[in-house]
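Numbering (our numbering), first residue to last: 1 to 193.
Where is the CB? At the ideal position from N, CA and C, for every residue including glycine.
Model, not experiment: these values are computed from the prediction.
This is the structure we're talking about:
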């Protein structure tokens with residue numbers, strides 16, 4: 001059900017990995033009108049851009065294209081990543097966030113190491129991607145799905161997640177591209193340097 005791709009050979013991925021990375025690329029892309037993962041931005045697809053940033057962390061990387069429980073938004077991808085994980089925890093990235101940088105991701109991993117519990121980024125009091133969740137939380141995610149409580153906010157609360165507040169000046173790195181207008185603005189931003 002998942003498409004596992006790693007920048008390291010699969011034989012190096014072991015149960016002993018503390019953190020691995022899941023890039024969610026299976027959404028319906030209704031507002032975009034086409035598959036977000038393959039949209040080009042600056043010569044690379046959105047998925048390639050996110051994957052390149054993730055590769056800087058030198059952790060196993062998987063791309064989740066189909067959810068084990070379909071049609072329940074990002075929680076379906078999160079559940080799929082957790083239930084199929086070979087690591088202690090999964091760092092979840094969205095393929096439509098092409099401006100994320102490795103520094104943000106390292107902060108999540110560091111906070112997880114210190115807090116020992118899920119960690120979500122938060123901008124303007126709203127928790128969201130990227131987020132890091134222990135594989136042991138799969139049952140909680142499934143419970144949220146079964147209760148039709150599909151909000152990332154509600155998930156963060158249910159998991160009693162630690163939150164990393166992102167200042168407005170840096171929030172542009174966490175913006176996601178949901179519509180053709182968003183892509184047009186992102187291309188203009190890249191062209192302006």
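Cβ-based neighbour list, residue 152, same chain, cut-off 8 angstroms, excluding 5 preceding and 5 following: 74, 75, 120, 127, 128, 129 and 131
C-beta atoms of residue 86 and residue 147 nearer than 9 angstroms: no
Could you tell me how far apart the beta carbons of residue 61 and residue 49 are, in whole angstroms, since I believe they sit closer than 8 angstroms? Not a contact, Cβ separation roughly 13 angstroms.
Starting from residue 127, trace the beta strand (DSSP E) in both directions and tell me its first and last residue. 126-134
Buried or exposed: which applies to residue 27, given that a residue is buried once 16 or more other Cβ atoms fall within 10 Å of its Cβ? buried
Residue 32 to residue 178, Cα distance in whole Å? 6 angstroms
Which of the three DSSP states is assigned to residue 122 in this structure? strand
Cα-Cα separation between residue 160 and residue 141, rounded to whole angstroms: 12 angstroms
Please report the distance separating the alpha-carbon of residue 108 from that of residue 35. 28 angstroms
Distance, residue 112 Cα to residue 195 Cα: The displayed coordinates of the chain run from 1 to 193. Any statement about residue 195 would go beyond what the structure contains.
Straight-line CA distance for residue 171 to residue 58? 24 angstroms
If we ignore side chains and look at the alpha-carbon of each, how far apart do residue 39 and residue 46 end up? 6 angstroms
As assigned by DSSP and simplified to three states, the class of residue 92: strand
Report the rounded CA-to-CA distance for residue 97 versus residue 163, giving the unit in angstroms. 19 angstroms
Who does residue 165 pair with in a DSSP beta bridge? 122
Please name the residue or residues paired with residue 23 in a DSSP beta bridge. 63 and 93
Under the rule that 16 or more other beta-carbon atoms within 10 Å means buried, what is residue 106, buried or exposed? exposed
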